[in-house]
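So the sequence shown is numbered by the UniProt record's numbering: it starts at 1 and just counts up by one.
Data first, discussion second: the structure below is written as structure tokens.
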Amino acid sequence: MNKWKFFAFVVLELQFSLAMRAFHGPCPDNMTAVGDLDMNRFEGKWYTHSIYPPLSLRVPKCQSTEFVEDAADKYHVTARELNSQTGTIKVRNAEIIKIEENMGRYILGTRNTAFPEGVQIYVLDTDYVNFAIRFMCFDASNIFSFHWAVIQTRKRLPPSEIVYMAQHFGQKAGLVISDMSKVPQESCPADT
């Protein structure tokens, strides 16, 4: 029973910081990531085009994620979004603890005690210039799993052919594109 209470706390904690979708069964074993993740090419700013919606179904506007190299092979991530209620910019920083290039993933540090080793984020696909698809999943006793997925582009308002290409590769990688919500990116402050 305590295990489920702890799990419910973790889910509620993540709900406030991540857009997630619950699926029946364990995490998929057929998800493939890029074969050789090049963080030097991946660094820089990415604008969120679409995400799995948060449990509240309220999708924050003007979301961006910036990958910054601090020192040789040491990176951190800065995520920004515009709070639709207050009009203020919410900024979150997290250290990338480890990069596993050959597995197409990195481990993001978190202050959440449920994930003391960090969270594994996979880059399912990217051309480094136009789009990136990132994914995370964790199981709840193989009964159901929580998926976080995001399609991002280098331009805040990308051309439709870039969006189509990213969605095509996202669907090919196993994402349910119809379940994703578009993030409003119009009329955004310059610092988001």
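Idealized CB from N, CA, C, for every residue including glycine.
Treat the numbers as computed from the prediction; the structure is a model and nothing was measured.
> What whole-angstrom Cβ distance do residue 24 and residue 152 have, given they're in contact under 8 angstroms?
Replying inline: As a first step, residue 24 is located in the sequence shown; it is residue number 24 there, counting from the start. As a first step, residue 152 is located in the sequence shown; it is residue number 152 there, counting from the start. Not quite, the Cβ-Cβ distance comes to about 27 angstroms (not below 8 angstroms), so this is no contact.
> Between which two residues does the alpha helix (DSSP H) containing residue 84 stretch?
Replying inline: Within the sequence shown, residue 84 is the residue found at index 84, counting from 1. Run containing residue 84: none; DSSP gives neither H nor E here.
>> In whole angstroms, give me the CA-to-CA distance for residue 159 and residue 111.
In response: By 1-based counting over the sequence shown, the position of residue 159 is 159. By 1-based counting over the sequence shown, the position of residue 111 is 111. Using only the alpha carbons, I get a separation of about 37 angstroms.
> Do you know whose CA, among 34, 187, 40, lies nearest residue 73's CA?
Replying inline: The count along the sequence shown starts at 1 and reaches residue 73 at position 73. For the residues 34, 187, 40, the minimum Cα distance to residue 73 belongs to 40.
> To the nearest whole angstrom, what separates the beta carbons of residue 89 and residue 105, a pair I think is in contact under 8 angstroms?
Replying inline: Against the sequence shown, residue 89 aligns to sequence position 89. Against the sequence shown, residue 105 aligns to sequence position 105. About 28 angstroms; that fails the 8 angstroms criterion.
>> Does residue 179 come out as helix, strand or coil in the three-state DSSP assignment?
In response: As a first step, residue 179 must be located in the sequence shown, where it is residue number 179. It is helical.
> With residue 126 and residue 42 assumed to form a contact (beta carbons below 8 angstroms), what rounded beta-carbon distance in angstroms separates them?
Replying inline: Position 126 of the sequence shown, counted from the first residue, corresponds to residue 126. Position 42 of the sequence shown, counted from the first residue, corresponds to residue 42. With 8 angstroms as the limit, residue 126 and residue 42 qualify as a contact, their Cβ atoms being about 7 angstroms apart.
>> Helix, strand or coil, according to DSSP, for residue 32 in the structure here?
In response: To locate residue 32, count along the sequence shown from 1; it is residue 32. Residue 32 falls in the coil class under three-state DSSP.
> Which residue's Cα is closest to the Cα of residue 182: 137, 163, 174, 80?
Replying inline: Position 182 of the sequence shown, counted from the start, is the residue given in the question as residue 182. With distances taken between Cα atoms, residue 182 lies closest to 163.
> Is the beta carbon of residue 51 less than 8 angstroms from the beta carbon of residue 71?
Replying inline: The residue labelled residue 51 in the question sits at position 51 within the sequence shown. The residue labelled residue 71 in the question sits at position 71 within the sequence shown. Not in contact: residue 51 and residue 71 (Cβ atoms no closer than 8 angstroms).
>> Could you give the first and the last residue of the continuous alpha helix (DSSP H) run that contains residue 163?
In response: One-based indexing of the sequence shown puts residue 163 at position 163. Per DSSP, residue 163 belongs to the alpha helix (DSSP H) from 160-173.
> In angstroms, rounded to a whole number, what distance separates the CA positions of residue 138 and residue 91?
Replying inline: The residue labelled residue 138 in the question sits at position 138 within the sequence shown. The residue labelled residue 91 in the question sits at position 91 within the sequence shown. If I take the Cα positions, the gap works out to 25 angstroms.
> Can you name the start and end residues of the alpha helix (DSSP H) that residue 42 belongs to?
Replying inline: On the sequence shown, position 42 is the one that residue 42 refers to. Note, residue 42: alpha helix (DSSP H), 39-42.
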